[in-house]
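Enquirer: Just dropping this structure here.
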Amino acid sequence: MAWDLRRALLKKGEFESARLIDFEFRERARTMKLLAPRVSAALEPQALAGEIALGDDESILRRLLDRFPDLEEAALRQDYAECRAQARKELIAELGDPTPYRLG
58 MAWDLRRALL KKGEFESARL IDFEFRERAR TMKLLAPRVS AALEPQALAG EIALGDDESI
118 LRRLLDRFPD LEEAALRQDY AECRAQARKE LIAELGDPTP YRLG
C-alpha cells in the first residue's frame, strides 16, 4: 500500500481549517465577553457574545455605538483592541498557538 500525499494534504487542510475556525470563534466570543463590562455595567457578557452570530465585529461595534450614544468611537475601538489582544493571549495559554502545524 502506497502513501497518498494528496489525501494527507487534504486531511491536514481540513484539520487545520477546522482548528483555526474554532480558535477564531472562541476569540471573537471571548473578546465580546471581555468588552461588555467596559461598555456598560448593564450589558450582559453572554448577550454580547451571542451577537457574533448576527454579524462581524465591525457591525457589533456600530450597534453598540447606536445603543449607547454616550460612547466615544475611538475609546470603544481602543477597548475592543485591548479585549481582542487579551482574549487571544488567554486562548493561546489555554489551547496553544493557533499557528498551523507543519508536515514532516
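Letter by letter, the sequence shown follows residues 58 to 161 of this note's numbering. Using N, Cα and C, we set each Cβ at its ideal position, and we do this for glycine too. Remember, predicted model here, so these are calculated numbers, not experimental data.
Restricting to Cα atoms, I'd like to know which of Thr156, Pro126, Ser97, Met89 is closest to Arg112.
Expert: Note that residue 112 is Gly in the sequence shown here, rather than Arg. If we check each option's Cα against that of Gly112, Met89 comes out closest.
Enquirer: Grab the span of the alpha helix (DSSP H) containing Thr88 for me, first residue to last.
Expert: Taken as a continuous stretch (DSSP letters only), the alpha helix (DSSP H) holding Thr88 covers 62-96.
Enquirer: Can you tell me whether DSSP reads Ala150 as helix, strand or coil?
Expert: In this structure, Ala150 counts as helix in the three-state DSSP scheme.
Enquirer: Alpha carbon to alpha carbon, what distance is there between Tyr137 and Ala86?
Expert: Cα to Cα, Ala86 sits roughly 12 Å from Tyr137.
Enquirer: Within 8 Å, do at least three Cβ pairs link the segment 71-78 to the segment 116-135?
Expert: With a cut-off of 8 Å, the segment 71-78 and the segment 116-135 do not count as touching, because too few Cβ pairs lie within range.
Enquirer: Do Ala144 and Leu91 count as a contact pair if the criterion is CB distance below 8 Å?
Expert: Yes, the pair counts as a contact, with Cβ atoms nearer than the cut-off.
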